[in-house]
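I have placed the structure first, in the form of structure tokens, so that the comments after it can refer back to it.
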Amino acid sequence: MIRHLRAAGTSLVLDASGPGVPVIVYWGADLGAQDAVDLSSLARASMPPVGPSSLDVPVRLSLLPTLAEGWSGRPGLGGFRPSVGQIDLAFECVAVREEAANTVAIDLVDRHASVSVRIDLELTVQGVLRLQHALTNTGETPFELSALDVILPIPDRAQELLDFTGLWSHERRPQRSVLGHGVWSRESRHGRPGHDDSFLTVVGTPGFGFRQGEVWAVHEAWSGDKRVWVERSALGHAAVGAGELLAPGEVSLAGGESYRSPWTIAVYSGAGLDGLSARLHPWIRSWSTVTGPRPVVLNTWEAVYFDHDLETLSRLVTAAASVGVERFVLDDGWFSGRTDDQRALGDWFVDATSWPNGLHPLIERVQSAGLDFGLWVEPEMVNPDSNLARAHPDWLLGSAAAPTWRGQRVLDLGNPEAFAWLFERLTALLSDYPIAYLKWDHNRDLLGGSSHRQTIALYKLLDALRAAQPGLEIESCASGGGRIDLGILGRVDRVWTSDTNDPLERQQIQRYTGVLVPPEYLGSHLGAATAHTTGRASALGFRLATALFGSAGIEWDLTQASEAERDQIRAWITIYKQQRALLHSGTVVHADGSDPAIELHGVVAADQSSAVFAHVALAAPRTALPAQIRFPGLDPARRYQVRPLVVGPLPRTLQTVAPLWLADGVVLSGAILARVGLAAPLLTPEQAILFTVDAV
Ligand code: DGJ
291 MIRHLRAAGT SLVLDASGPG VPVIVYWGAD LGAQDAVDLS SLARASMPPV
341 GPSSLDVPVR LSLLPTLAEG WSGRPGLGGF RPSVGQIDLA FECVAVREEA
391 ANTVAIDLVD RHASVSVRID LELTVQGVLR LQHALTNTGE TPFELSALDV
441 ILPIPDRAQE LLDFTGLWSH ERRPQRSVLG HGVWSRESRH GRPGHDDSFL
491 TVVGTPGFGF RQGEVWAVHE AWSGDKRVWV ERSALGHAAV GAGELLAPGE
541 VSLAGGESYR SPWTIAVYSG AGLDGLSARL HPWIRSWSTV TGPRPVVLNT
591 WEAVYFDHDL ETLSRLVTAA ASVGVERFVL DDGWFSGRTD DQRALGDWFV
641 DATSWPNGLH PLIERVQSAG LDFGLWVEPE MVNPDSNLAR AHPDWLLGSA
691 AAPTWRGQRV LDLGNPEAFA WLFERLTALL SDYPIAYLKW DHNRDLLGGS
741 SHRQTIALYK LLDALRAAQP GLEIESCASG GGRIDLGILG RVDRVWTSDT
791 NDPLERQQIQ RYTGVLVPPE YLGSHLGAAT AHTTGRASAL GFRLATALFG
841 SAGIEWDLTQ ASEAERDQIR AWITIYKQQR ALLHSGTVVH ADGSDPAIEL
891 HGVVAADQSS AVFAHVALAA PRTALPAQIR FPGLDPARRY QVRPLVVGPL
941 PRTLQTVAPL WLADGVVLSG AILARVGLAA PLLTPEQAIL FTVDAV
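Residues in the sequence shown are numbered from 291 upward in steps of one, following our numbering.
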């Protein structure tokens, strides 16, 4: 049987005609109508020859490649049976079923090794491919699993690689390389994806950009240890692979037990990185937990740090309400004994010294100012200097002799008593106080215990809390953007993109985090003029223009802002409220420019009737007169009015005379705006100008 799955410009052809493990013979641009494709000829024509000094049959990459198939690249499965020792795994395919449109379930068995695997594969209507393996030990003695990975073929023309690295406050730094022979493998051993997470691994035709080039991307929807790799062999095969990174002995399956891998998400685009987002974002939105407009947040962290008292925070509430903030989030520092970042994690009771009457007086002020209330927690963490650690040292993961990290250790969520205690504490807080939102932090690597067990328990905890408290929103934070992945995204409504509020850093972090994650998830805050993480000073207009393109908020002591600054912030919040329906539902686009100092990005409404763009100068341009601004993603046949969207003073420029069109805007077709573009204003470095684009 040969299956052709088609969706949203993508085709996948699966050859399940033989007795062995099915093979993807094609994954890429749409091949056209089902009945126009002669599937058996296609499969036959792609059967490779038998080469010299090789196996006596053609070798193809199957959906679960093993040595027994002649696959000498990284295999899809690793494991052994201690009672037997090493075993050679060789599967036969016993069933292929289409249980719903564009989904295929494949059953494989290795009768000799007493192992079966079910593969689930789906090409969603948005063109996103997802695969998952489930392995069952059908024998009677334990089976030790070391890897169960998804591996997908990529074509020879995918010669260039883009993935990400990063560090605290500088997440999602892109890195590019040319694929040689061998394995380029990225591993996360942090017990969370980490700041250096490979995030989205993209291979493509040389020079691919945001708007051009063919690209194939893979992401592992998992919040624990994982690996993603690209392999090109001297034999001519090339593949991308991904799976959970299992430690020795971490998954030991007794007879009859199963292990299910996380979903591996894979996307093809013939139109660069924006083409990936154009499939990923609608798909994520189809299952997203996000409901309703994303409220403007005020988060207290960089405003007051641990300096909590009712009067200080009440002044902040009043200032926040006066500019139009909708949610007040009390960050770290509110719980028993938490005077700095070295103690009290685990003691999830409101601190009686700072809050003699509990949080009620503060929440009453928040609510009477018309805002809802959010609270910071870091439930998976415990400071040794806490009542919890003193009472239950056995609830902590890893060795007591191992060094702490930010003075903290990890609560073993896989311990049922610890789990039950934590669940009770969190639900007690949620019922004692009207909490609309939890900022859920995670400020250290695990470095001990089982990442697998901890991640499963975390998901169970989040699921149980959401079920117990319908409507509760949760933000995933891990020292900023250390835990942003599509496993956690199904359980949270926002991610804290990075601890840096420096707009220059943020432009890049949001640009690349946003390739995978839709903007409505990306917490983006207006910080103080001098960024706390970098010491760099930025103009208010640049900070505001940057924070607009996400789930916007403020993290600054607004009581210190001048009247003029507050007026500008109020105007910005008004614009955010007017535009957020578009910003959080539209198509994210970027122009491919020739000058890395100048960027244009925007969001175009799904019906292409309007858009908001930001033209950003990150540094001094290469030329005195920068290139024309070209607007991608509009309908070429419609006419649009382009106007500057000014919040407060105009951005700083070097020009003696501004481009003529800027005075009253201009009306041109989408085709002209994309191909010819408009003369760009001469922004000084670290400035941005916003434009609205509306069909007329
Ligand atoms: C790390 C987070 O990323 C910050 O935003 C803040 O919540 C601190 N933790 C609080 O300890």
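Where is the CB? At the ideal position from N, CA and C, for every residue including glycine.
- Look at Asp847: its beta carbon is at least 7 Å from all of the heavy atoms in ligand 1.
- Residue pairing by DSSP puts Ile396 in a beta bridge opposite Val386 and Ile409.
- In this structure, the CA atom of Leu940 is about 20 Å from the CA atom of Thr820.
- At least one heavy atom of ligand 1 lies less than 7 Å from the C-beta of Asn733.
- Secondary structure at Gln657: helix, using DSSP grouped into helix, strand and coil.
- Excluding the 5 residues flanking it on each side, Arg856 has same chain C-beta neighbours closer than 8 Å at Ala609, Ser612, Val613 and Leu848, in chain order.
- Counting along the chain, Phe981 sits inside no alpha helix (DSSP H); it lies in the beta strand (DSSP E) bounded by residues Gln977 to Ala985.
- Sequence-distant Cβ neighbours of His485 in its own chain, meaning closer than 6 Å and more than five residues away, are Gly456, Leu457, Trp458, Glu461 and Gly772.
- Residue pairing of Phe625 in beta bridges, as defined by DSSP: Val640.
- Remark: the shortest separation between the CB of Ser676 and any heavy atom of ligand 1 does not fall under 7 Å.
- Cβ contact annotation for Gln416 (same chain, cutoff 6 Å, sequence separation greater than five): Ala298, Arg569, Pro572 and Trp573, in chain order.
- Closest in alpha carbon position to Gly697, among Asp630, Leu661, Leu762 and Glu707, is Asp630.
- Per DSSP, reduced to three states, the secondary structure at Thr803 is helical.
- With respect to Val530, Thr491 sits close: the two C-beta atoms are nearer than 8 Å.
- The beta carbons of Gln744 and Gly533 sit no closer together than 8 Å.
- In this structure, the alpha-carbon of Thr431 lies about 10 Å from that of Ser542.
- As the crow flies, the alpha-carbon of Asp885 is around 23 Å from that of Thr877.
- Taking C-beta separations shorter than 6 Å and ignoring five residues to either side along the sequence, the partners of Val932 in its chain run Gly955, Val956, Phe981 and Val983, following chain order.
- Taken through DSSP and simplified to helix, strand or coil, Leu736 comes out as coil.
- For Arg796, same chain residues with a beta-carbon under 8 Å away, outside a window of 5 residues either side, are Thr787, Ser788, Thr790, Ser814, Thr836 and Ala837 in chain order.
- Taking the CA atoms as reference points, Arg447 sits about 7 Å from Gly494.
- Ligand 1 never approaches Asp346 closely enough for any of its heavy atoms to be under 7 Å from the residue's Cβ.
- The straight-line gap separating the alpha-carbon atoms of Gly840 and Pro464 is approximately 20 Å.
- Here Leu357 is not near Leu367, since their CB atoms are 8 Å or more apart.
- With distances taken between CA atoms, Ser478 lies nearest to Gly514 out of Gly514, Ala537, Phe454 and Val505.
- The segment 959 to 968 makes contact with the segment 922 to 936: 3 or more CB pairs, one atom from each, lie closer than 8 Å.
- Taking a 10 Å sphere around the C-beta of Gln868, we find fewer than 16 other C-beta atoms and assign the residue as exposed.
- For Trp474, the uninterrupted beta strand (DSSP E) run begins and ends at Gly472 to Ser478, by DSSP.
- Between Trp666 and Leu606, the C-beta gap is not smaller than 8 Å, which leaves the two residues out of contact.
- In the same chain as Leu469, and ignoring 5 residues on each side of it, the C-beta atoms closer than 8 Å to its own belong to Ala448, Gln449, Glu450, Leu451, Val493, Val520, Arg522 and Ala528, in chain order.
- Residue ranges of uninterrupted beta strand (DSSP E) with 3 or more members, entirely inside the segment 744 to 819 and ordered along the chain, are 763 to 766, 784 to 786 and 812 to 816.
- In the three-state reduction of the DSSP assignment, Trp695 falls in the strand class.
- The C-alpha of Gly627 lies about 9 Å from the C-alpha of Val640.
- Between the segment 645 to 652 and the segment 679 to 692 there are fewer than three inter-stretch CB-CB distances shorter than 8 Å, so the stretches are not counted as touching.
- About 7 Å separates the beta carbon of Arg420 from that of Thr554, a gap short enough to meet the 8 Å contact definition.
- In this structure, the beta-carbon distance from Pro312 to Ile396 falls below 8 Å.
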